[in-house]
Structure formats: structure tokens, C-alpha cells
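Numbering (my numbering), first residue to last: 17 to 446.
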Ligand code: SF4
Ligand code: SF4
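Structure representation (C-alpha cells):
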């Protein structure tokens, strides 16, 4: 079977401090949950409960885009707010767990969906607050509405590309809940009236891809595409390059592309089939400071400090805590910050983030140019930005093509914060 990839740059990204990805463990239920009223990438949400109210597991507590639900039963004891590392004010409700779980440990009722209209399916996804869980946090119902256009011959691409070892949680989910991911793909395809579903799997995961194909059956035109495993193959731009190559070589017309990841699709399944909001998620917990890295199923709202405690705590004082992949993630400044719908990984390391500390002068080795998948010159861009110069017109424009993959920063022997400076500059000089 052919393997499709992007034409230049990229790295083979390995990290020995990630957890084993073949299985997961269920984390302890949190005595105190912190449920943000806004998720990353989400819009405004208004609380529909107040301090002192009793809430049930799965109950709507915030109305907006996307809706927010209580992930444990209990009492709302506080309303808190803090600023994240980007200066964004986050408001949250704090719930003290108590009382009876409506869903946990119960046999779940299964609701047939095949006769529902795309509008009804979309409404369920919106009501249950489903978001893109692999990063952006955008409301899934909105993404599906924007994508739905049968005239364009849309393909739904299921993004099971594991180019980054910190996607261990997605991998464990694909192994343990593949039926739900596949059914979620069929539901999403029905909503957007996709002409085809493409399961995009990393080259080493052919067996898992075949399992997905068999599970999908013949109700829909489905195909399997194997991708390269160099990072950032999963990135939207690099995956689209591989897909267009596949389209041409295999003569499979793809039309426009809607890319969704396995966690989002499993959540779409749960909203439609089980009438359930996102109560928990798979999280890869690891890093050199963590005693026992593992993939955990964690209730949304669990404080990050408790997640690390569930892995045996720290072996030494962590210097850097990140939510998401250390290459592109967000620095966590407070262990009381909660796990969000988008927190696919949390790591605590004994060293700083890649390129974040102990920098030296550029030695002109050219490694950053070699690995940039977009073909930029990170050295030149960094120097012009770091010296406060806007650079020439060409440099000014080229920085907008940077998608922040972090490859340049990871390979830089001088540990210069290339990606951070270049990607973060995109709002400047425009
Ligand atoms: S972070 Fe930007 S400049 Fe660096 S390798 Fe990625 S795309 Fe290129
Ligand atoms: S990788 Fe680092 S040291 Fe090498 S040329 Fe690029 S910026 Fe300079």
C-alpha cells in the first residue's frame, strides 16, 4: 500500500517521557471540579446555575457556544476566575462532588439515529456541548454547519495520524473505543452529507486502519490512506498535501475536506447515540518530572495537580508544565487549572520547554531551514524579529506562513525560541 506524505522538512519526533499508549487507566473522581465557562477557542457562555445550587452529573450549567455541563454531581460552591498564560480571563464554576451519579457505572441507553435529519443530529451535538477536542476547542456543530455543502463533494477525513508521541491518548482511544469513533464518523458524514470517509492512519498503523474499515462496513464509501509518520504530518496543511497526492495517484476524488480527530468523533457518537455530554477525556500524562506516566481517563474539570498525583506525583521539582504537546502546547502556570475538553496531554518536565531557556548565539548551522515544512528561513526571520526590525517585505510576509509546528525550535542546537518568536509575531507588522 502506498504511503503519502508532505514533500519537505519535518522531523522524527520521539520523547522517552511519554506514557505507554496501548492502554488507559481511569483517574480518581475529583472531590472538587473546576468547570470553565469557556473552553479554548469557544465563545461566550452564560452560567445557568448559581453558587449554592445542586447540580446533577451531565446537567447543563452554562449556555452558549459551546454549552457547558457539570461532569460530576454536587454543589456549586464558588465562582472563580484567573488569567491564563495568554492573558485571557477564564471564569469557572467550582463544584464540590456529592450525591448520586446518574450515568457513571449505569447501563447506558442507546438511541437509534439513522432516521434523524442532519438538523436534528446537529442540534444534539450542539445541545451536548461537543467541541473539536484535538486542539481548537471550536464548537463541533458550527464546524459541521460550515462544512456542509453537498455541491462540493465533501470528504470527511478521520485524522488518526500519530506523528507526535504526545498523541498517546488519541491512540489509546482509537484502540479502546474504535467502534464509537467509527460510528461518530458515520454520524458526522451523514450531517455534512459527505460523499466519502477517508481514514487517514500513520504508516505503522495499517492493522488499526483495517479494523476501522471493517467496522464502517459498506453503508458509506470509505477508504484508508496511509500517511508518513514525520512530524507535523497530522497538521492540517501537511495532511492536505498528502491527501491531494493520494487523490491524484489513486484517482479517488476528494472534493473539499473536513478533518476531524478521533476524540471529537467519539464525543459526537456519545452525544447522538447516548445523549451524553463530554464528561471525561483521554489524557496522556507524562514528562521527565512525573513518577509514573500513563494515559488516563480524566473527568473534565479535574485539577491538573490531582492528575499528576494520580500518576504518583513528581520525582523532582518540575520546571515546566504544559497542556498539550510540549512542542506546541500552552504553559500551565497553576496546578489548580483544570483539565479541559481539549487537554489531550499534560506534561511536567525537569527541564524547560523546547527552546525556552539557556539560549546561545546562532551558529548558522542551517538545521532550522532543513526541517521547516513550509520552506521558511527561521534563522533569518528570528534574527530580524529579535533585533526589533520588521525585516524586508518578503520576510514580513513569509512569517504568516508559519503554522507554529515547532520543528525549527526543537532542532536548534543554540536552543533559540524560533517558533515562539516567529509564530507569535504574526499579529505584528501587518
Ligand atoms: S515553527 Fe514555523 S518557522 Fe518553525 S519549522 Fe514550523 S513552520 Fe517553519
Ligand atoms: S538551527 Fe539555530 S543555530 Fe542553526 S541556523 Fe537555525 S537558528 Fe541558527
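For every residue, glycine included, the Cβ atom is placed at its ideal position computed from N, Cα and C.
Looking only at 196, 49, 250 and 107, the smallest Cα-Cα distance to residue 284 is reached by 196. Exclusion of the five residues before and after residue 417 leaves 390 and 392 as the residues of its chain whose Cβ lies within less than 7 Å of its Cβ.
Ranked by Cα distance from residue 90, the first of 130, 70, 414 and 400 is 70. Under the DSSP assignment, residue 161 falls outside any beta strand (DSSP E), being part of the alpha helix (DSSP H) whose first and last residues are 156 to 163. For residue 85, the pairing in a beta bridge is given by DSSP as 76. Judged by the Cβ position, residue 379 qualifies as a neighbour of ligand 2 at the 7 Å threshold, a heavy atom of the ligand being closer than this.
When rounded, the separation of the alpha-carbon atoms in residue 377 and residue 414 is 23 Å. Secondary structure of residue 254 (DSSP, three-state): helix. A heavy atom of ligand 2 is found nearer than 7 Å to the CB of residue 429. With a cut-off of 7 Å, the C-beta of residue 35 is classified as distant from ligand 1, since no heavy atom of the ligand falls inside that distance.
Distances between the C-beta of residue 422 and the heavy atoms of ligand 1 include at least one below 7 Å. The continuous stretches of alpha helix (DSSP H) do not include residue 91, which lies in the beta strand (DSSP E) extending over residues 90 to 99.
Between residue 300 and residue 360 a beta carbon distance of about 7 Å is seen, short of the 8 Å cut, so the two are scored as contacting. Within 7 Å of the C-beta of residue 437 there is not a single heavy atom belonging to ligand 1. Within the same chain, 125, 127, 140 and 144 come within 8 Å of residue 291 by CB-CB distance, once the 5 residues on both sides are set aside.
Between the alpha carbons of residue 194 and residue 432 lies a distance of about 40 Å. For the options 27, 302 and 350, the alpha carbon positioned closest to that of residue 50 is the one of 350. The beta carbon of residue 380 lies closer than 8 Å to those of 395 in the same chain, with the five residues before and after it left out.
In this structure the stretch 167 to 186 touches the stretch 198 to 218; the number of beta carbon pairs closer than 8 Å is three or more. The Cβ neighbour count for residue 83, taken over all protein chains shown within 10 Å, is at least 16; the residue is labelled buried.
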